[in-house]
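Peer 1: Numbering (the numbering used here), first residue to last: 456 to 844.
Note that beta-carbon positions come from the ideal geometry of N, C-alpha and C, so glycine has one too.
Only a predicted model underlies this, so the values are computations on that prediction, with no experimental measurement involved.
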Amino acid sequence: MTDLSAVKAALRGQSIELPSWAFANSGTRFKVFGQPGVPRTPQEKIADAAQVHRYTGIAPSVALHIPWDTVDDYAELAAYAREQGVRVGTVNANVFQDDDFKLGSVTNPDPGVRAKALDHLFACIGVMDATGSADLKLWFADGTNYPGQDDVRARQDRLAEALEAVRDRLGPDQRMLLEYKLFEPAFYTTDVPDWGTAYAHCLKLGDQAQVVVDTGHHAPGTNIEFIVAFLLREHKLGGFDFNSRFYADDDLMVGAADPFQVGGQAVLGRQNRQSTPWLTERHGYDPTCHNIEAKIPAQIRSVLNVQEATAKALLVDAGALDAAQRSGDVLGANAVLMDAYNTDVRPLLAELREEDGRDPDPMAAFARSGYLEAIAAERVGGRQAGWGV
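#1: With DSSP collapsed to three states, give me the class of Ser470.
#2: Which full runs of the alpha helix (DSSP H) of 4+ residues lie inside the segment 775 to 822, going along the chain?
#3: Flag this pair as yes or no: are the beta carbons of Tyr510 and Ile755 separated by less than 8 Å?
#4: Apart from the five residues on each side of it in sequence, which residues of its chain come closer than 6 Å, Cβ to Cβ, to Gly693?
#5: For Ile580, which residues of its own chain have a beta-carbon under 7 Å away from its beta-carbon, when the five flanking residues on both sides are left out?
#6: Quick one: does the C-beta of Glu833 sit closer than 7 Å to a heavy atom of the ligand COA?
#7: Less than 8 Å between the beta carbons of Val546 and Pro515, yes or no?
#8: Would you call the segment 795 to 809 and the segment 765 to 780 in contact, with 3 or more CB pairs under 8 Å?
#9: Determine the DSSP secondary structure at His520, reduced to helix, strand or coil.
#10: Where does Arg838 sit, in a helix, a strand or coil, going by DSSP?
#11: Since Asp628 contacts Leu637 with CB under 8 Å, what's their CB separation in whole angstroms?
#12: Exposed or buried, Thr645, counting other C-beta atoms within 10 Å across all chains shown (16 or more means buried)?
#13: Where do the ends of the alpha helix (DSSP H) carrying Gln506 lie?
#14: Alpha carbon to alpha carbon, how far is Ala840 from Asp503?
#15: Assuming contact is defined by CB atoms lying nearer than 8 Å, are Ile501 and Val517 in contact in what I supplied?
#16: Mapping the DSSP letters down to three states, classify Thr586 as helix, strand or coil.
#17: Comparing C-alpha positions only, which one of Thr652, Phe478, Cys657 and Leu519 sits nearest to Pro491?
#18: Given this structure, state the Cα-to-Cα distance separating Phe695 from Glu763, to the nearest angstrom.
#19: Give a yes or no on whether the C-beta atoms belonging to Ala615 and His656 are separated by under 8 Å.
#20: For the beta strand (DSSP E) containing Ala664, name the first residue and the last one.
#21: Report yes if the C-beta distance between Val568 and Asp555 is below 8 Å; otherwise report no.
#22: With H, G and I counted as helix, E and B as strand and the rest as coil, what does DSSP make of Met644?
#23: In three-state DSSP terms, what is Phe638?
#24: One question on the structure: do Leu573 and Ala617 come within less than 8 Å of each other, judged by their Cβ atoms?
#25: For Ser560, count neighbouring C-beta atoms within 10 Å of its own C-beta (all shown protein chains included) and say buried if the count is 16 or more, exposed if not.
#26: Would you kindly check if the distance between the Cβ of Leu776 and the Cβ of Val791 is under 8 Å?
#27: With DSSP as the reference, label Val526 as helix, strand or coil.
#28: Quick one: what's got a C-beta closer than 8 Å to Gln780's C-beta in the same chain, skipping five residues either side?
#29: Can you tell me whether Phe577 is helix, strand or coil according to DSSP?
#30: If you count every other CB in all the chains shown that lies within 10 Å of the CB of Lys750, and 16 or more means buried, which is it?
#31: Can you name the residues that DSSP bridges to Lys592?
#32: Are the CB atoms of Trp476 and His520 nearer to each other than 8 Å?
#33: Based on Cα-Cα distance, which residue from Asp811, His672, Phe697 and Ala778 lies nearest to Ser757?
#34: Determine the direct distance from the alpha carbon of Gly836 to that of Gln853, and round the result to whole angstroms.
#35: Would you list the residues sitting across from Arg542 in a DSSP beta bridge?
See the structure below:
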């Protein structure tokens, strides 16, 4: 039997990091949709993220994106975050929106462009130093569109050289997280197209380099649970970006069309006889952004979806699962997982919130707060932040 007090203790330790850009205007490949009350500054993004933490209790950090969240004083921005009840988390580098990066950033054939990209990555480490951030997240839009456009092997050499330079600049308690993406915008070769490429580079870089698994960045039929299990075994799982595989990017709510996908990755902590701390210890969760939904409620819902999946994972009867696996009871082992997955954990989580002095229904509590109406009235004038701003 599962000890519910232990389950609650583990859930209280869960920490889900929110991306600042999720609160700004965003859109599909075709249109950016504006919303009333959308933040105009990094401070307003942080204030909105703090609302998610206020009602859920498990979203205490906000990831920055540079240059979208550029300010004159990053220490001051970090202090503002603390005043709001959250902290600055991962710093995301952007080397894909400058004209010079048309043919790539750190893998560009032009050494001057590569140097420019590297300078930006170093500047992001400076932001980490000023804010107390421990994690630098790297995603590169580098690749080629045509056969013969560039030397594919040379591009990997350039990538390795840049990653090594970044690793050497990190402080002893900082790490770099390398994300991969199957495609886009490079349609012939992508320089970091899959978890294997990311893992190979991180393996050579040592303990300060780990892989980010984005649930949307895989080919159809890919078993993401296997990838997670492998990286856990190798101590190379740096974090998750949770979004829908149906969009292949950051545009749909966590578990939007396939909630079992989220639950399947969560139960890996039990399925592979791992202890549960990997669910809560420095594996950053980054729920997706939302294009047509109201930003803050959508983030609350995404956070709750991940929390519910985690609760189900913690309810897996590890002893029964282990016995079934060792005896070769295929259906029995699957039934143990399905029993946990099919459990309605909402009453348990409502009870947990009440014990912690929070409203048992975060979505309803936020709706009653009037915050959305207030910011719609207050944030009139000035330029709204958005994708690319």
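Peer 2: Taking the geometry as given:
#1: One-based indexing of the sequence shown puts residue 470 at position 15. Coil, per DSSP.
#2: Runs of the alpha helix (DSSP H) lying entirely within the segment 775 to 822, each at least 4 residues long, are 785 to 796 and 801 to 810 in chain order.
#3: Translated into the one-based positions of the sequence shown, residue 510 becomes position 55. Translated into the one-based positions of the sequence shown, residue 755 becomes position 300. Yes, the Cβ-Cβ distance between Tyr510 and Ile755 is below 8 Å.
#4: Residue 693 sits at position 238 when you count from the first residue of the sequence shown. Hits under 6 Å: Leu632, Gln665, Val666 and Val667.
#5: Numbered from 1 along the sequence shown, position 125 holds the residue referred to as residue 580. Within the same chain, Leu591, Arg624 and Leu625 come within 7 Å of Ile580 by CB-CB distance, once the 5 residues on both sides are set aside.
#6: Only the bare structure without any ligand can be found here, which leaves the ligand COA out of the picture.
#7: One-based indexing of the sequence shown puts residue 546 at position 91. One-based indexing of the sequence shown puts residue 515 at position 60. Taking 8 Å as the cut-off, the beta carbon of Val546 is found no closer than this to the beta carbon of Pro515.
#8: With the cut-off at 8 Å, the segment 795 to 809 and the segment 765 to 780 touch.
#9: For the purposes of this step, residue 520 is identified with residue 65 of the sequence shown, where counting begins at 1. His520: strand per DSSP, three-state reduction.
#10: In the sequence shown, counting from the first residue as 1, residue 838 sits at position 383. The answer is coil: DSSP assigns Arg838 none of H, G, I, E or B.
#11: Numbered from 1 along the sequence shown, position 173 holds the residue referred to as residue 628. Numbered from 1 along the sequence shown, position 182 holds the residue referred to as residue 637. Contact between Asp628 and Leu637 does not hold, since their C-beta atoms are separated by about 32 Å, which reaches or exceeds 8 Å.
#12: Looking up residue 645 in the sequence shown gives position 190. Buried, by the Cβ-count rule.
#13: Locating residue 506 in the sequence shown gives position 51, counting from the first residue. Note, Gln506: alpha helix (DSSP H), Pro497 to Thr511.
#14: As a first step, residue 840 must be located in the sequence shown, where it is residue number 385. As a first step, residue 503 must be located in the sequence shown, where it is residue number 48. In a straight line, the C-alpha of Ala840 is about 13 Å away from that of Asp503.
#15: Numbered from 1 along the sequence shown, position 46 holds the residue referred to as residue 501. Numbered from 1 along the sequence shown, position 62 holds the residue referred to as residue 517. A contact, by the Cβ cut-off of 8 Å.
#16: Looking up residue 586 in the sequence shown gives position 131. Note: Thr586 maps to helix in three-state DSSP.
#17: Numbered from its first residue, the sequence shown carries residue 491 at position 36. Nearest option by C-alpha distance: Phe478.
#18: Indexing the sequence shown from 1 puts residue 695 at position 240. Indexing the sequence shown from 1 puts residue 763 at position 308. Here the alpha carbons of Glu763 and Phe695 stand approximately 16 Å from one another.
#19: Looking up residue 615 in the sequence shown gives position 160. Looking up residue 656 in the sequence shown gives position 201. By the CB criterion at 8 Å, Ala615 and His656 fall inside the cutoff.
#20: Indexing the sequence shown from 1 puts residue 664 at position 209. Segment Ala664 to Asp669, the beta strand (DSSP E) holding Ala664.
#21: Taking the sequence shown and counting its residues from 1, the one referred to as residue 568 is at position 113. Taking the sequence shown and counting its residues from 1, the one referred to as residue 555 is at position 100. Closer than 8 Å, so yes.
#22: For the purposes of this step, residue 644 is taken as residue 189 along the sequence shown, with counting starting at 1. Note that residue 644 is Thr in the sequence shown here, rather than Met. Here Thr644 sits in strand by DSSP.
#23: If you number the sequence shown from 1, residue 638 lands on position 183. In the structure shown, Phe638 adopts coil according to DSSP, grouped into three states.
#24: To locate residue 573, count along the sequence shown from 1; it is residue 118. To locate residue 617, count along the sequence shown from 1; it is residue 162. Less than 8 Å separates the beta-carbon of Leu573 from that of Ala617.
#25: For this step, residue 560 is matched to residue 105 along the sequence shown. So Ser560 ends up on the buried side.
#26: Taking the sequence shown and counting its residues from 1, one reaches residue 791 at position 336. Taking the sequence shown and counting its residues from 1, one reaches residue 776 at position 321. Yes, the Cβ-Cβ distance between Val791 and Leu776 is below 8 Å.
#27: Indexing the sequence shown from 1 puts residue 526 at position 71. The answer is coil: DSSP assigns Val526 none of H, G, I, E or B.
#28: Against the sequence shown, residue 780 aligns to sequence position 325. So the list reads Ala788, once near-sequence residues are dropped.
#29: Taking the sequence shown and counting its residues from 1, the one referred to as residue 577 is at position 122. Residue state, collapsed to three classes: helix.
#30: Taking the sequence shown and counting its residues from 1, one reaches residue 750 at position 295. By the neighbour-count rule (16 or more Cβ atoms within 10 Å), Lys750 is buried.
#31: As a first step, residue 592 is located in the sequence shown; it is residue number 137 there, counting from the start. Paired residue(s): Asn547 and Leu632.
#32: In the sequence shown, the residue the question calls residue 476 occupies position 21. In the sequence shown, the residue the question calls residue 520 occupies position 65. A Cβ-Cβ contact shorter than 8 Å links Trp476 with His520.
#33: On the sequence shown, residue 757 is found 302 positions in, with the first residue counted as 1. Ranking the options by Cα distance to Ser757, first place goes to Phe697.
#34: The structure shown has nothing for residue 853, since the chain only spans 456 to 844.
#35: Position 87 of the sequence shown, counted from the first residue, corresponds to residue 542. Ser516.
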